[in-house]
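Worksheet: one structure, shown below.
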Amino acid sequence: ACSNSGCSSFPMAWALRRVHSSPLLRSVCRPRKVRVSFVSDVEGCYEYLCRYASISKALALVPGARSARGSLRLRDDAETGCENHFVFGGDAVDHGGGDLRVLDALVALKRQAPSRVHLLLGNRDVNKMRLTSELSPEAVRRTPPEGVRAPGFLGSRVQYMDFLRSISGFKPGAHDPLSFVPMQWRDEDSACARADSRVNRLKWILKFTMGAPRAFEGRRRELRALGLRSSDEDVVDSYLAALQAGGAAWEYFKHASLTALIGDTLFVHGALASAECLGAFSPDASAASHPLDVADWCQRANAWVGREIDAWQREPFKERLHAGSLIRYAAAGGCSSSVVYADWLNPATRRPDEPFRIDATVCDFLRRGGVRRVICGHQPYGDAPLVLRAAAGVESSASAGNGNAADSSELTVVVGDTMYSDVGSADQRGCAVSEVCVEMEQQPGDTVGASTCHVFGTLSTGQEHGCVVEEDDLIGRAFEEGVCASRLRGGGGYVCLRRD
């Protein structure tokens, strides 16, 4: 981040999935300010999306449409005095029992304002592309491959055969002479063979390979809420229908991108954790081949994603777990250069005793492209967005802590994922809801000048918080109590998020 006095104007770069270039300013009659609102990791919680829209500076709820599909709209420019934009940071589905409504609402919003709404791909979105091949009639006749890695937070993966044994009550003896024989070679009347079905295969995939143990029953509840049939088979059919042409997930993929670059702010789902993330696409290219500027990198990334999605939509039953595929790129452990499944504070990328640093090559790359902040989701840290400040190649304030004011050499990272804000509540969020919002001053021509990042909302305690990152030197700094992320409203102190 940088102080307002240190900012200079630079071209407005846009990175869209189909590699379009759309200058922001076409008329001097437009508002003098651009506002970009961001939320991420809704994860199927439709009510949370509605609560977010109710506090958003750029979004609004369509009156009387809380339970209907397509219930969001961008606020009118005349209403807010700003040119309003919206970025969704990915992970639209899985936990909240509202996947279809969330997807439909986001896609409807994109269609209303295609140049102002950006839908990013998260790992939970991309992994659903696997279902068309893994639940195909041919695949269901085979034992699932073991090449799909489970998310790290699940621990060791439960194999499909073990899952079938657990739900069928089958317990082989210690000296079972057939224990080494694949299930498909055994007696088809066995307990495991009877338990093998599309339904149980989907339950296993969701719970043990996608980290979504509540998703199956959540879809059943949503079908009931929508007045649709909700048997086990109906749930499976619903997942597959969403992935067919015109389905909710299909349409989201058609309109989604990997990155969005708006003014001095880059949006991704995860993180640019190392220089490997800058490799030219396809993602298995060497890190040394990264493009010269951020806009070029975004265009290459989104063009590659577009090709991958087009290929999947042409041949949805083809398995795509190979290196270099989008599914592998967005999976846990699938690709070291991924900006989807990456974490700024992931201990796997550094020694336990090493302070958190943003890679010097990444910092230099971003600064040369005029980027002063990266806004993302993917990894929750608490009930408010996490703010980090770091200078290129030096220890970040998230570990070092200092009172120095932000300057033009600093990069600000804001992580907006607040899932698990209140694990004791039914939706694991409680009353917590926050927005990250960037406001940019327009200048003559296709340029923007000074920008500020606003973080505000409600904590799980019901307390309201809010700050302008660039106007408070303590925000993004680390102290004994944790990283200072925001300020409590009413002069009640600061919100600190602790890394435990």
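Numbered according to full-length UniProt numbering, the sequence shown terminates at residue 500, and the numbering increases by one at each position without gaps. All residues carry an ideal CB built from backbone N, CA and C; glycine is no exception.
Go ahead and label residue i buried or exposed: buried means 16 or more other beta carbons lie within 10 angstroms of its beta carbon, across all protein chains shown.
{"i": "residue 202", "result": "buried"}
{"i": "residue 318", "result": "exposed"}
{"i": "residue 58", "result": "buried"}
{"i": "residue 301", "result": "buried"}
{"i": "residue 310", "result": "exposed"}
{"i": "residue 105", "result": "buried"}
I believe residue i touches residue j by the beta-carbon criterion, under 8 Å. Please report the beta-carbon distance rounded to the nearest angstrom.
{"i": "residue 412", "j": "residue 275", "result": "Incorrect: roughly 20 Å between the Cβ atoms, too far for contact."}
{"i": "residue 36", "j": "residue 438", "result": "5 Å"}
{"i": "residue 86", "j": "residue 116", "result": "7 Å"}
Below 6 Å CB to CB, which residues in the same chain sit around residue i once its five sequence neighbours on both sides are set aside?
{"i": "residue 344", "result": "271 and 413"}
{"i": "residue 251", "result": "107"}
{"i": "residue 337", "result": "276, 277, 279 and 283"}
{"i": "residue 308", "result": "326"}
{"i": "residue 212", "result": "94 and 206"}
{"i": "residue 498", "result": "482"}
{"i": "residue 118", "result": "87 and 260"}
{"i": "residue 320", "result": "327"}
{"i": "residue 72", "result": "53, 59, 105 and 109"}
{"i": "residue 99", "result": "44 and 93"}
{"i": "residue 253", "result": "309"}
What did DSSP end up calling residue i once you bin it into helix, strand or coil?
{"i": "residue 129", "result": "helix"}
{"i": "residue 306", "result": "helix"}
{"i": "residue 442", "result": "strand"}
{"i": "residue 406", "result": "The predicted position of residue 406 is uncertain, since its pLDDT is 43 and thus under 50; no value can be drawn from it."}
{"i": "residue 254", "result": "helix"}
{"i": "residue 381", "result": "coil"}
{"i": "residue 358", "result": "coil"}
{"i": "residue 288", "result": "Residue confidence for residue 288 is low, a pLDDT of 49 falling below 50, so the modelled location carries little weight; the figure read from the coordinates is stated next. In this structure, residue 288 counts as helix in the three-state DSSP scheme."}
{"i": "residue 86", "result": "strand"}
{"i": "residue 317", "result": "coil"}
{"i": "residue 412", "result": "strand"}
{"i": "residue 209", "result": "helix"}
{"i": "residue 435", "result": "strand"}
{"i": "residue 57", "result": "coil"}
{"i": "residue 464", "result": "strand"}
{"i": "residue 495", "result": "strand"}
Taking 8 Å as the threshold (C-beta atoms), are residue j and residue i in contact?
{"i": "residue 97", "j": "residue 229", "result": "no"}
{"i": "residue 121", "j": "residue 248", "result": "no"}
{"i": "residue 48", "j": "residue 427", "result": "yes"}
{"i": "residue 260", "j": "residue 267", "result": "yes"}
{"i": "residue 387", "j": "residue 340", "result": "no"}
{"i": "residue 194", "j": "residue 166", "result": "no"}
{"i": "residue 111", "j": "residue 46", "result": "no"}
Leaving aside the five residues before and after residue i along the sequence, list all residues of the same chain whose C-beta is less than 8 Å from its C-beta, in chain order.
{"i": "residue 419", "result": "41, 43, 95, 380, 428 and 429"}
{"i": "residue 354", "result": "In this predicted model, residue 354 has a pLDDT of only 44, less than 50, meaning its place in the structure is not dependable enough to derive any value."}
{"i": "residue 223", "result": "229, 230, 234, 235 and 238"}
{"i": "residue 489", "result": "463, 464, 465 and 466"}
{"i": "residue 199", "result": "232, 233, 235 and 236"}
{"i": "residue 422", "result": "383, 428, 429, 430, 431, 432 and 460"}
{"i": "residue 131", "result": "202, 205, 239, 240 and 243"}
Flag residue i as yes when its Cβ comes closer than 7 Å to any non-hydrogen atom of the ligand FAD, and as no otherwise.
{"i": "residue 426", "result": "You won't find the ligand FAD in this model; it holds no ligand whatsoever."}
Between which residues of its own chain and residue i is the CB-CB distance below 7 Å, once the five residues before and five after are set aside?
{"i": "residue 375", "result": "38, 265, 267, 414, 416 and 436"}
{"i": "residue 56", "result": "37 and 435"}
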